[in-house]
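Under mature numbering (1 follows the signal peptide of the UniProt record, and there is no 0), read the sequence shown as residues -22 to -1, 1 to 279, first letter to last.
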Amino acid sequence: MKKVIMLLATLVGMGWSAASQAFTCQSLGTSISGSGTVNVRVNLVPSISTGQNLVVDLSQSIQCKNDAPTIYKDPVRIRSGSAYQGVLSSFRGTLGYYGTQYPFPTTTETAWVNHTWGDYRGWQAVLYLTPISTASGVVVKANTMIAQLILEKEDSLNGNRQVINWNIYANNDVVVPTGGCDVSARNITVNLPDYPGTAPAPLTVRCAQNQNIGYFLTGNTLGTDSSIFTNTSANSPAQGIGIQLLRNGTAISSGSANTVSLGTVGTSPVNLGLTASYARTTGQVTAGNVQSIIGVTFVYQ
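If you want it as structure tokens, here you go:
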């Protein structure tokens, strides 16, 4: 009888040991039940919001489950040292973890969150950027790493730790807004009809909350009033012609001293009201191609 009792004790002990890592996560077909590193490709659809701009909601790409929910609580947290990477490495923001906000990059661990469910559920980690400008953005190219999050799970019975490094990669080219406002397009091409035709330059701006916004133009110009932008075409350029941007029929000069006020801009897009037009410069007009590159910079007022 004594031998039977010893054998049962050994079997029970083996059962507890096998379940000590009974926590599994998956991402796009890749699963991990122990410690390690997983590359996660995410479709970035960033958006602006009050005080912070959404970068990515990882619950859409990472799911986790407790493999033995009747035995373990599976407390999970995000470790200190989780941070943005690559072109976003110099930025600061916020980490939302199961409804609680933490500074990001993390300098301390988050609170433990028990994972007591036995089916795959989205890992509730959301990354935000803190706005640092009006309507600027950072270009993120596909296949580049943008962040690393360090998941730590503790065995609720014996204290063993499981660590998963999530390396987050962009799956698409995107501009991540770094301002409190955003524009309808980062680059627009305006095709003018033959001289002396005009064409609208469709560009709108909106903000997460009401802001007094203005904008000014930048680029290479000719003339004393800096309102005619240089023809930079390298392919059979026309002579004696440049480009102007008009608002309400009046040419806008370049430079911050000529900032155009849009007034209060909120969540509804506001059109800048721009029209592109040819403009005579010096010398005889000759046929050819016309191209100008004009920047639009937004400022708080």
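A virtual CB, placed ideally from N, CA and C, is assigned to each residue, including glycine.
Bear in mind the structure is a predicted one, so any value in this text is a computation, not a measurement.
- When secondary structure is reduced to three states using DSSP, residue 266 falls in the coil class, being assigned neither helix nor strand.
- Burial of residue 131 is indicated by the presence of at least 16 other C-beta atoms within 10 angstroms of its C-beta.
- Where residue 253 is concerned, the enclosing beta strand (DSSP E) starts and stops at 252 to 258.
- Secondary structure note for residue 31: its beta strand (DSSP E) is the uninterrupted segment 30 to 35.
- Between the alpha carbons of residue 150 and residue 106 lies a distance of about 18 Å.
- Checking the DSSP bridge columns, you'll see residue 79 partnered with 74.
- For residue 39, no beta strand (DSSP E) run applies, since DSSP gives it neither H nor E.
- A distance below 8 Å between beta-carbons, with the five flanking residues on each side excluded, links residue 261 to the following residues of its chain, in chain order: 217 and 218.
- Of the residues 256, 232 and 62, the one whose Cα lies closest to the Cα of residue 202 is 232.
- Within the same chain, Cβ atoms closer than 6 Å to the Cβ of residue 45 are found at -1 and 2, the five residues on either side in sequence being excluded.
- At a Cβ-Cβ threshold of 8 Å, residue 125 and residue 32 do not count as neighbours.
- Beta-bridge partners of residue 184 (DSSP): 160.
- When DSSP states are grouped into helix, strand and coil, residue 246 belongs to the coil group.
- Under the three-state reduction of DSSP, residue 169 is assigned to coil, being neither helix nor strand.
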